[in-house]
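Numbering (my numbering), first residue to last: 492 to 831.
For each residue, glycine too, the CB sits at the ideal point set by N, CA and C.
Everything numeric in this text was worked out from a predicted model, so none of it was measured.
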């Protein structure tokens, strides 16, 4: 019995031993699995570490270079500048392509340049008397004949010119000796028959003395400033002629004579107009046929005036004042400039 017990105890120990060995075996397999997983994580971790090391190496080098660049090259701060927008400017390209037509029957030219035109034509006339008084009623010049007449569109410019001369010099010694002269029967129509030529003289009221006019001394003002009022000083030097503000400015700016004006303007059609100042364009076109005039997108014509050029009246000078639609503000000169 003791033997069986002993055997039983050994068997139990053996069973226990076997069970223990099996249990240890299962633990060992799990440990191996855990070890494999840990190994994989170690490999992955090592790879990640290596990658991070490379990134840090590269990034660090780049950062070092970047820092070096920043140290060697001083930083500039980009500041936005807010400025007042400039005045709008006339868009000549828009003027060239935006126009409408009027017929010569719908609009009679306002006057004639260079010559009065064909024989038998009489310009619209008005009294010169009103031109020798300032807006305040002060007489600033005198007339050799109070019944004297001139072309109607020259009265106001003549008054403005005489007033400006008086303001500048304080002199009221200018005398208008003659203006419009009607043509006698059979007489060739010339400049005097146009009503825009004014023969000047000097009148000294204190001594009642009349002297010939010379554009010298104080009177040199007319040679320098007459064009600003639409007049030119004739070659004779003793008279001025009204040709209109547009023609006078063109002649003055290009050193042209009357004889040269028509040929010069024929080269400047609506495709190549001349800009006068900031608000006027001047161009020429044949007098026959429809007349091209700048017009808005709605088809409304801008203010304009027409003048014949030359005795044959084959060429028209068009002086137009484009409206607001033809103006635009130029873009800023730089990206960091902003208009208010």
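Counting only runs that start and end within the stretch 741-821, where is the beta strand (DSSP E) found for 3 or more residues in a row?
765-767, 771-777, 782-785, 795-800 and 806-811
Limits of the unbroken alpha helix (DSSP H) element including residue 652
646-660
Enumerate in chain order the residues of its own chain whose CB-to-CB distance from residue 795 is below 8 Å, with the five nearest sequence positions on each side excluded.
784, 785, 809, 810, 811 and 812
Three-state class that DSSP yields for residue 643 in the structure shown:
Here DSSP, grouped into helix, strand and coil, assigns residue 643 to helix.
Could you tell me whether the stretch 618-625 touches the stretch 706-723, using the rule of 3 or more Cβ pairs below 8 Å?
no
Answer with yes or no whether the minimum CB distance from residue 784 to chain C is below 9 Å.
Within the model displayed, chain C is absent; a lone protein chain is all it includes.
Cβ-Cβ separation, residue 635 to residue 672 (assumed contact under 8 Å), whole Å
The Cβ separation is near 13 Å, so there is no contact.
For residue 588, report the span of its beta strand (DSSP E) as first-last.
No beta strand (DSSP E) holds residue 588; the alpha helix (DSSP H) holding it covers 583-588.
From which residue to which residue does the alpha helix (DSSP H) around residue 713 run?
712-716
Buried or exposed: where does residue 654 fall if 16 or more other Cβ atoms within 10 Å of its Cβ makes it buried?
buried
What span of residues does the beta strand (DSSP E) with residue 668 cover, start to end?
For residue 668, the uninterrupted beta strand (DSSP E) run begins and ends at 665-669, by DSSP.
Exposed or buried, what is residue 446 when buried is set at 16 or more other beta-carbons lying within 10 Å of its beta-carbon?
Residue 446 is absent from the model: the chain starts at 492 and stops at 831.
Note down the Cα distance separating residue 557 from residue 824, rounded to an integer number of angstroms.
Note that residue 557 scores 46 on pLDDT, short of 50, meaning its location in the model is unreliable; the coordinates nonetheless yield the value given after this. Rounded to the nearest angstrom, the two C-alpha atoms are 32 Å apart.
Run the CB neighbour count on residue 807, radius 10 Å, all protein chains shown included, and call it buried at 16 or more, exposed below.
buried
Are the CB atoms of residue 649 and residue 704 within a distance shorter than 9 Å?
no
If we ignore side chains and look at the alpha-carbon of each, how far apart do residue 707 and residue 754 end up?
Linking residue 707 to residue 754 through their CA atoms gives a straight-line distance of about 31 Å.
Check each candidate in 581, 571, 732 and 573 and name the one with the smallest Cα separation from residue 821.
581
Identify whether residue 692 lies in helix, strand or coil by the three-state DSSP scheme.
strand
Put residue 623 into one of helix, strand or coil per three-state DSSP.
helix
Residue 441 - partner residues in DSSP beta bridges:
There is no way to answer for residue 441, as the model of the chain reaches only from 492 to 831.
Could you pull the DSSP bridge partners for residue 724 from this structure?
In DSSP, residue 724 forms a bridge with 731.
Of the residues 579, 632 and 788, which one's Cα is nearest the Cα of residue 589?
788
From this set, 719, 632, 640 and 670, which residue's C-alpha is nearest residue 657's C-alpha?
632
I'd like the span of the beta strand (DSSP E) that includes residue 828, first residue to last.
828-830
Ignore the nearest five residues each way along the sequence and tell me which others in residue 805's own chain have a CB closer than 6 Å to its CB.
Excluding residues up to 5 positions away in sequence, 778 lie with their Cβ nearer than 6 Å to the Cβ of residue 805 in the same chain.
Report the rounded CA-to-CA distance for residue 611 versus residue 686, giving the unit in angstroms.
Reliability of the predicted coordinates at residue 611 is poor, the pLDDT of 43 falling under 50, and the value obtained from them is presented with this limitation in mind. Cα to Cα, the separation comes out at about 14 Å.
Could you tell me the boundaries of the beta strand (DSSP E) in which residue 616 lies?
It spans 616-618 - the beta strand (DSSP E) in which residue 616 sits, taken as one unbroken run.
Coarse secondary structure for residue 635, derived from DSSP in three states:
coil
Short check: CB of residue 721 to CB of residue 738, under 9 Å?
Result yes, Cβ atoms of residue 721 and residue 738 sit closer than 9 Å.
Can you list, in chain order, the residues of its chain with a C-beta nearer than 6 Å to that of residue 660? Leave out the 5 residues immediately preceding and following it.
Taken in chain order, the residues that qualify are 709.
By DSSP, does residue 739 sit in helix, in strand, or in coil?
helix
Go ahead and label residue 637 buried or exposed: buried means 16 or more other beta carbons lie within 10 angstroms of its beta carbon, across all protein chains shown.
Classified as exposed, residue 637 has fewer than 16 neighbouring CB atoms from the shown chains inside 10 Å of its CB.
Which one of 663, 716, 647 and 815 has the shortest CA to CA distance from residue 744?
Checked all of 663, 716, 647 and 815; the closest Cα to residue 744 is 716.
Roughly how many whole angstroms lie between the Cα atoms of residue 748 and residue 735?
The straight-line gap from Cα to Cα measures roughly 14 Å.
For residue 770, collect the residues of the same chain with a Cβ closer than 6 Å to its Cβ; drop the 5 residues on either side in sequence, then sort them by chain order.
812
Under 9 Å, do residue 729 and residue 691 count as touching if we go by C-beta distance?
yes
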